[in-house]
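What follows is a single structure, written as structure tokens, with notes after it.
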Amino acid sequence: MAKKKRRSMLYIPGNNPAMIQQAGVYGCDAVLLDLEDAVALNQKDAARILVRSMLETVNFYDTEVCVRVNNMQTPFGLADLEEIVPMQPDNIRFPKTESVQDVKDFMKEVRRIEKEHGIKNPKMTIHVMIETAKGVANVYDIAACEPRVDAITIGGQDLTADMGIVKTPDGAGIDYARKRIVMAGKANNLDVLDTVFADVNDEEGLKEETEYIKKLGFAGKALINPRQVDPVHEVFNPSENEIRKAYRVYSEFYKNTKAGIGVFAIDGKMIDAPVVQRAITVLEYANIDINRNRKKCRLV
Ligand SMILES: CC(=O)SCCNC(=O)CCNC(=O)[C@H](O)C(C)(C)COP(=O)(O)OP(=O)(O)OC[C@H]1O[C@@H](n2cnc3c(N)ncnc32)[C@H](O)[C@@H]1OP(=O)(O)O
Ligand SMILES: O=C([O-])CC(=O)C(=O)O
Ligand SMILES: [Mg+2]
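When the count follows numbering that gives the first Met the number 0, it moves up by one through the sequence shown with no breaks and lands on 299 for the last residue.
Laid out in structure tokens, this is it:
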């Protein structure tokens with residue numbers, strides 16, 4: 000089965016039943032039901048119970064469902080896990096992760112609750128959020144320490160707050176962190192997901208930022224408003240021209256491999272294994288099934 004896309008992950012405040020009920024129809028790849036910063040302190044308990052009951056009753060269709068719990072250092076983190084883990088959403092987002100020990104402590108509670116509820120082969124995965132300077136410093140070890148972590152993400156609002164800097168539209172203050180997190184995630188075969196773009200009325204700005212983070216290697220972006228879904232998909236979906244080029248590279252490679260040729264040129268540009276690998280990534284993004292041919296080519 001093809002890997003699930005995570006181009007767009009839409010935050011929905013966990014205390015808003017009307018928004019959550021419609022979660023399956025926004026067209027995003029995933030929803031992030033939020034118990035953390037979108038929820039006021041005096042709404043935390045109500046939100047937790049609401050999200051649990053929504054997980055039981057709402058049809059999310061094929062939208063991936065992730066719940067963002069509160070950090071374990073807060074009075075809410077453990078209570079969130081007790082309520083949400085038994086429901087086994089697709090994933091849990093663990094905010095403000097700063098160290099391997101944080102992940103270990105978090106997973107210890109997750110596993111204990113799963114055991115208590117007789118959950119034997121849990122499919123739920125963990126998304127770790129890097130949102131502090133300390134988290135950025137420790138990111139490689141965090142990315143490598145737990146097999147159930149399948150995505151890593153940067154929280155740009157908190158990171159700039161932690162660093163005591165202004166979050167500027169050019170992303171200067173978080174550029175190093177973005178790149179470091181991408182490398183740590185890629186080295187550990189994780190999806191790397193970008194932070195929110197806060198101005199819901201600035202579609203051009205959102206697209207520009209998405210173009211940039213796509214070039215860095217992010218697989219998708221957290222969103223805060225349904226209006227942000229289409230522009231982000233537009234950037235992540237390969238254009239017709241890109242698909243045609245990728246298909247040409249791939250089929251020429253297939254022909255040449257059969258003839259014993261490993262490197263050749265198309266329109267003067269060298270094509271070798273890494274170029275073909277990139278073409279395959281484009282075709283996969285376009286949902287073109289090349290598995291059968293790929294096996295024949297023995298590319299991977
Ligand atoms: C730093 C962080 O931690 S970010 C993550 C936490 N933050 C969040 O979850 C914020 C989620 N987003 C929102 O609350 C809102 O989109 C805001 C406050 C950013 C903007 O609000 P508005 O200007 O009112 O949005 P807008 O006018 O586009 O809303 C249009 C419709 O979309 C709905 N909508 C807005 N945001 C969302 C959302 N995230 N999910 C689902 N529906 C939404 C509104 O309810 C409204 O519905 P209606 O037409 O049926 O009334
Ligand atoms: O980008 C996100 O996922 C939102 C967030 O928590 C942050 O920016 O601090
Ligand atoms: Mg945050």
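Beta carbons are placed, not taken as given, at the ideal position from N, Cα and C, and that holds for glycine. All values reported here derive from a predicted model rather than from experimental measurement.
Checklist entry - Relative to the C-alpha of G134, which residue among G117, A183 and N90 is closest? => result By 1-based counting over the sequence shown, the position of residue 134 is 135. Closest option to G134, Cα to Cα, is A183.
Item to check | Straight-line Cα distance separating E97 from E202 | outcome: Here residue 202 is taken as the residue at index 203 of the sequence shown, counted from 1. Here residue 97 is taken as the residue at index 98 of the sequence shown, counted from 1. Whole-angstrom Cα-Cα distance: 32 Å.
Next on the checklist: With the cut-off set at 8 Å, would you say F93 and M123 are in Cβ contact?
Outcome noted: Reading the sequence shown from its first residue, position 94 is the one you call residue 93. Reading the sequence shown from its first residue, position 124 is the one you call residue 123. Contact: no.
Item to check | Which of helix, strand or coil DSSP assigns to N137 | outcome: Counting from one through the sequence shown, the residue named residue 137 turns up at place 138. Note: N137 maps to coil in three-state DSSP.
Next on the checklist: Does the structure place the segment 67-87 close enough to the segment 45-59 that three or more beta carbon pairs sit under 8 Å?
Outcome noted: yes
Checklist entry - Per DSSP, what kind of secondary structure is I125 in: helix, strand or coil? => result On the sequence shown, position 126 is the one that residue 125 refers to. Residue state, collapsed to three classes: strand.
Item to check | Neighbouring residues (CB closer than 6 Å to any heavy atom of ligand 3) | outcome: D36, P94, E130, G154, Q156 and D157
Checklist entry - Would DSSP call S250 helix, strand or coil? => result In the sequence shown, residue 250 corresponds to position 251, counting from 1. Of the three classes helix, strand and coil, the one that applies to S250 here is helix, per DSSP.
Checklist entry - Apart from the five residues just before and just after G76, which ones in its own chain have a Cβ nearer than 7 Å to its Cβ? => result Walking along the sequence shown from the start, residue 76 turns up at place 77. Closer than 7 Å at Cβ, skipping near neighbours: V68, N69 and N70.
Next on the checklist: Count Cβ pairs between the segment 6-14 and the segment 28-43 that sit closer than 8 Å; are there 3 or more?
Outcome noted: Touching, per the Cβ criterion.
Next on the checklist: Just to confirm, is the Cβ distance from D44 to C65 under 8 Å?
Outcome noted: Walking along the sequence shown from the start, residue 44 turns up at place 45. Walking along the sequence shown from the start, residue 65 turns up at place 66. Going by C-beta atoms, D44 is not nearer than 8 Å to C65.
Checklist entry - With respect to 7 Å, is the separation between the Cβ of E283 and the closest non-hydrogen atom of ligand 5 below this value? => result What this structure holds is ligand 1, ligand 2 and ligand 3, not ligand 5.
Checklist entry - In or out: V299 buried (at least 16 other Cβ within 10 Å) or exposed? => result By 1-based counting over the sequence shown, the position of residue 299 is 300. Residue placement at V299 is flagged as unreliable, the pLDDT there being 35, under the threshold of 50; a coordinate-derived value is accordingly withheld.
Item to check | The alpha helix (DSSP H) enclosing P230, as first and last residue numbers | outcome: For the purposes of this step, residue 230 is identified with residue 231 of the sequence shown, where counting begins at 1. Element bounds for P230: V228 to F235.
Checklist entry - In three-state DSSP terms, what is S238? => result As a working mapping, residue 238 is identified with position 239 in the sequence shown. Three-state DSSP puts S238 in coil, outside helix and strand.
Next on the checklist: Once DSSP output is grouped into helix, strand and coil, what is the label at M0?
Outcome noted: Counted from its first residue, the sequence shown places residue 0 at position 1. Annotation note: pLDDT 46 at M0 (below 50); position unreliable, coordinate value reported separately. Correct three-state label for M0: coil.
Checklist entry - With 16 other CB atoms within 10 Å as the buried threshold, where does R111 fall? => result In the sequence shown, residue 111 corresponds to position 112, counting from 1. Counting Cβ neighbours within 10 Å, R111 comes out exposed, since fewer than 16 surround it.
Next on the checklist: Only counting the same chain, and skipping five residues up and downstream in sequence, which positions put a Cβ closer than 7 Å to that of K294?
Outcome noted: In the sequence shown, residue 294 corresponds to position 295, counting from 1. Any answer about K294 is weak, because its pLDDT of 47 lies below 50 and its placement is not dependable; what the coordinates show is given next. There are no such residues.
Next on the checklist: On the DSSP bridge list, what partners appear for A221?
Outcome noted: By one-based count along the sequence shown, residue 221 stands at place 222. For A221, which the question treats as bridged, DSSP gives the partners M8.
Item to check | N120 versus T194, A143, R147 and D140, residue with shortest Cα-Cα distance | outcome: To locate residue 120, count along the sequence shown from 1; it is residue 121. Closest by alpha carbon: R147.
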